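Chains as they are written, first to last, in full-length UniProt numbering: chain P, 1 to 345; chain Y, 1 to 345. Each residue gets a CB set at the ideal place from its N, CA and C atoms; glycine is no exception. All values derive from a computational prediction rather than experimental measurement. Structure first, then comments.
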């Protein structure tokens with residue numbers, strides 16, 4: 001084919017002007033029925049399709065969602081956002097939307113990219129990941145009226161219920177609470193927790209899940225609980241060192257719940273196969289070495305993100321009205337994956 | 001801001017028609033210098049930017065690359081294509097290009113998506129992954145004159161040097177050859193190979209890397225080599241079973257080179273820490289459990305893909321002319337990552 005059929009080709013065959021063709025496509029009511037039929041026949045004959053860019057100009061819709069691709073994160077847990085990207089792309093495809101990727105070096109750089117894509121009508125809405133307290137990105141998007149949803153709640157007290165901030169998150173409190181309850185149910189009480197230094201929105205939330213389960217059922221004193229609460233930056237080596245240090249104090253430890261699979265692998269290396277260790281994220285590493293872990297249901301998160309933007313039904317373009325009756329945020333419950341015993345340890 | 005400045009706003013401030021503004025932007029040579037200056041001042045004053053969709057209509061360029069996001073692959077090795085996607089997105093950003101994701105259920109479905117995006121001028125070129133012999137996708141793209149590069153060589157004999165098929169690949173032969181040479185260099189000879197069933201373009205290529213290194217330096221007979229060549233579908237359990245079956249025959253095995261980290265983990269579980277095992281892909285799992293592995297340099301692959309499409313310099317749009325002098329394919333050499341001993345085994 002030499003070239004795609006254009007509006008001029010259609011007009012030539014139908015014997016009408018370019019403007020008339022355009023009227024048939026955009027405002028058919030103002031065209032005489034017999035002219036309309038002639039033009040429609042020419043459109044069918046040529047297989048003419050209005051150009052996507054022209055459509056975009058007309059509708060101001062690109063049917064595209066923008067997502068910043070984070071730099072490659074640490075090896076073990078980094079795949080979570082990639083899995084989320086897969087889930088979003090597949091579900092967006094089913095709704096007739098595509099995903100546009102971009103990168104940014106900083107929140108400020110990301111805001112510049114938002115502005116550029118907004119100005120160019122390249123995307124209809126943004127999906128943000130890795131939110132943090134007083135995130136300038138969401139402030140900018142709200143101030144500029146650009147539709148967005150975050151995977152991750154806003155961590156401030158005031159903005160959690162801000163109706164202008166749509167968000168979906170996984171209930172980390174529940175994930176760690178389930179893990180701790182599962183261990184308490186096996187009859188043990190000295191369950192340690194290994195998590196990230198405070199303040200960390202995600203980390204503090206997970207730690208509370210352990211603490212509250214322990215306060216309710218372990219019958220340990222506050223002092224004993226404090227002794228079982230370990231802190232380490234994420235990483236296999238850090239996890240291992242923290243657990244070895246705790247054990248050197250003589251504190252009894254019957255199991256360990258961790259804020260990540262990296263820390264859990266480190267903990268498992270420190271204690272061997274006899275003491276249960278539960279990680280978080282159910283990564284390929286946890287699966288490969290046979291560690292129990294908390295799984296984030298990323299398909300549900302992706303479904304929630306799209307429903308908040310577009311409404312529950314399969315609308316094929318962003319439809320804010322359809323989404324109007326939908327709650328403004330959604331907290332998804334993770335599930336504990338219990339593995340009997342490490343295959344490696 | 002009530003609305004973005006339009007060409008009409010610029011014309012009003014400069015006291016000229018919409019067409020004159022358009023001429024200043026698109027064909028400044030035909031506009032009188034003093035008019036041009038007035039319009040340029042109005043453009044600067046308003047911060048007017050030509051609409052991306054309008055630009056796209058004019059130039060037929062979207063500055064966008066299309067990539068099909070594969071369904072989530074198996075846990076251990078699946079991250080390779082995600083790492084490639086990160087590398088492409090980051091390097092494309094530096095060249096002013098974005099990445100558009102889509103999904104497809106089959107090669108035929110993928111071809112339909114190509115056609116749709118080509119018709120809509122949504123993307124300038126496609127990057128394909130997971131190529132196979134007689135791939136109908138590349139045939140379609142060539143037949144329709146759509147620019148593309150594949151990560152993965154075409155596996156047919158005739159089409160490997162087809163100048164219409166641009167490709168970048170990692171030299172799997174070399175990766176496995178290096179791994180085998182490394183082990184031969186430690187003074188051992190009974191090095192087994194664990195790889196996928198034939199025919200598999202990638203798999204057969206890797207297996208040849210082992211075989212040719214062994215033929216040259218192991219002094220084993222063809223029969224002995226055949227006995228050391230194991231076949232298994234990818235997976236930890238399959239790898240473990242294949243190695244256990246080989247050892248049950250009494251064949252001496254001093255080391256094992258594998259086509260993937262999944263197979264390598266299975267092999268390592270079968271033989272314990274005393275027999276060296278080398279995997280392929282240097283996944284987070286290999287790093288976490290301390291397995292040696294062959295690393296694919298995905299930054300180099302991404303750089304090669306963009307250079308084949310756009311030329312070596314930082315052109316900010318797809319420039320086929322700049323790419324004209326560049327070779328039509330590139331084979332990137334992987335590197336062996338040697339880890340002293342598994343931390344887990």
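Assuming residue i and residue j are in contact, meaning their beta carbons sit under 8 Å apart, how far apart are those beta carbons, in whole angstroms?
| i | j | result |
| --- | --- | --- |
| residue 132/Y | residue 201/Y | 7 Å |
| residue 301/P | residue 215/P | Going by Cβ atoms, the distance from residue 301/P to residue 215/P rounds to 29 Å, so no, they are not a contact pair. |
| residue 205/Y | residue 167/Y | Not really, about 14 Å apart at Cβ, beyond 8 Å. |
| residue 137/Y | residue 107/Y | 5 Å |
| residue 110/P | residue 68/P | 6 Å |
| residue 101/P | residue 99/Y | 4 Å |
| residue 182/Y | residue 277/Y | Residue 182/Y to residue 277/Y, Cβ: 12 Å. No contact. |
| residue 47/Y | residue 5/Y | 6 Å |
| residue 193/Y | residue 229/Y | 5 Å |
| residue 336/Y | residue 104/Y | Actually they are not in contact, since the Cβ atoms of residue 336/Y and residue 104/Y sit about 35 Å apart, beyond 8 Å. |
| residue 81/Y | residue 20/Y | Incorrect: roughly 50 Å between the Cβ atoms, too far for contact. |
| residue 83/P | residue 225/P | Their Cβ separation, rounded to whole angstroms, is 33 Å, which puts residue 83/P and residue 225/P out of contact at 8 Å. |
| residue 114/P | residue 141/P | 7 Å |
| residue 231/Y | residue 195/Y | 7 Å |
Could you pull the DSSP bridge partners for residue i from this structure?
| i | result |
| --- | --- |
| residue 226/P | Note: residue 226/P sits in no beta bridge, so no partner. |
| residue 329/Y | 167/Y |
| residue 99/P | 65/P and 101/Y |
| residue 295/Y | 335/Y |
| residue 151/P | 129/P and 168/P |
| residue 280/P | 294/P |
| residue 231/Y | 195/Y |
| residue 256/P | 192/P and 277/P |
Output, in chain order, the set of chain Y residues within a Cβ distance shorter than 8 Å of residue i.
| i | result |
| --- | --- |
| residue 93/P | 102 and 103 |
Cβ closer than 8 Å: which chain P residues qualify as neighbours of residue i?
| i | result |
| --- | --- |
| residue 89/Y | 69, 101, 102 and 103 |
| residue 98/Y | 100, 101, 102 and 122 |
| residue 165/Y | Under the 8 Å cutoff, chain P gives no residues; its nearest Cβ is about 21 Å from residue 165/Y. |
| residue 9/Y | Ordered by position in chain P, no residue passes the 8 Å Cβ test against residue 9/Y, which lies about 14 Å from the chain. |
Which residues in chain Y sit within 7 Å of residue i, going by Cβ to Cβ distance?
| i | result |
| --- | --- |
| residue 236/P | 288 |
| residue 162/P | In chain order: nothing, as chain Y lies at least about 22 Å away. |
Run down chain P in chain order and give the residues with a C-beta less than 7 Å from the C-beta of residue i.
| i | result |
| --- | --- |
| residue 265/Y | 288 |
| residue 29/Y | By Cβ distance, chain P contributes nothing, its closest Cβ being about 25 Å from residue 29/Y, past 7 Å. |
Could you work out which residues of chain Y lie near residue i, taking near to mean beta carbons separated by less than 9 Å?
| i | result |
| --- | --- |
| residue 335/P | Under the 9 Å cutoff, chain Y gives no residues; its nearest Cβ is about 17 Å from residue 335/P. |
| residue 329/P | The premise fails here: residue 329/P is roughly 25 Å from chain Y at the closest Cβ pair, so nothing lies under 9 Å. |
| residue 177/P | Neighbours of residue 177/P on chain Y: none; closest Cβ ~26 Å, over 9 Å. |
Please list, in chain order, the chain P residues whose beta carbon lies closer than 9 Å to that of residue i.
| i | result |
| --- | --- |
| residue 109/Y | Those do not exist, as residue 109/Y stays about 10 Å from chain P at its closest Cβ, beyond 9 Å. |
| residue 219/Y | Neighbours of residue 219/Y on chain P: none; closest Cβ ~35 Å, over 9 Å. |
| residue 171/Y | Those do not exist, as residue 171/Y stays about 23 Å from chain P at its closest Cβ, beyond 9 Å. |
I want to see whether chain C comes within less than 8 Å of residue i, judged by CB atoms only; does it?
| i | result |
| --- | --- |
| residue 226/Y | Of the chains in the structure shown, none is chain C; the protein chains are P and Y. |
Per the contact definition of three or more C-beta pairs closer than 8 Å, is the segment 146 to 160 of chain P in contact with the segment 285 to 292 of chain P?
The count of Cβ pairs closer than 8 Å, one atom from the segment 285 to 292 of chain P and one from the segment 146 to 160 of chain P, stays below three, leaving the stretches out of contact.
Quick test of the definition: if touching needs 3 or more C-beta pairs under 8 Å, does the segment 254 to 267 of chain P touch the segment 250 to 261 of chain Y?
The answer is no - the segment 250 to 261 of chain Y does not touch the segment 254 to 267 of chain P, with fewer than three Cβ pairs under 8 Å.
Stretch-stretch touch, CB-based, cutoff 8 Å, three pairs: the segment 261 to 270 of chain P with the segment 239 to 248 of chain P:
A contact is defined here as three or more CB-CB pairs under 8 Å, and the segment 261 to 270 of chain P meets this definition with respect to the segment 239 to 248 of chain P.
Kindly confirm or deny that the segment 115 to 123 of chain P and the segment 80 to 96 of chain P touch, where touching means at least three C-beta pairs closer than 8 Å.
With a cut-off of 8 Å on Cβ pairs, the segment 115 to 123 of chain P is not in contact with the segment 80 to 96 of chain P, counting fewer than three such pairs.
Chain-ordered residues of the segment 269 to 303 of chain P with a beta carbon less than 8 Å from chain Y
Cβ contacts with chain Y come from 269, 283, 284, 285, 287, 288 and 289.
Mind checking the segment 116 to 150 of chain Y against chain P and listing, in chain order, the residues whose C-beta falls within less than 7 Å of any C-beta there?
Within the segment 116 to 150 of chain Y, the residues whose Cβ lies closer than 7 Å to some Cβ of chain P are 119, 120, 121 and 122, listed in chain order.
To be precise: take each residue of the segment 183 to 217 of chain Y, compare its Cβ to all Cβ atoms of chain P, and keep it if any distance is under 9 Å. Which residues remain?
Contacts with chain P (Cβ-Cβ distance below 9 Å) from the segment 183 to 217 of chain Y involve no residue at all.
Can you confirm whether the segment 32 to 47 of chain Y touches the segment 4 to 19 of chain Y when touching is taken to mean that 3 or more C-beta pairs between the two stretches lie within less than 8 Å?
Result yes; three or more Cβ-Cβ pairs closer than 8 Å.
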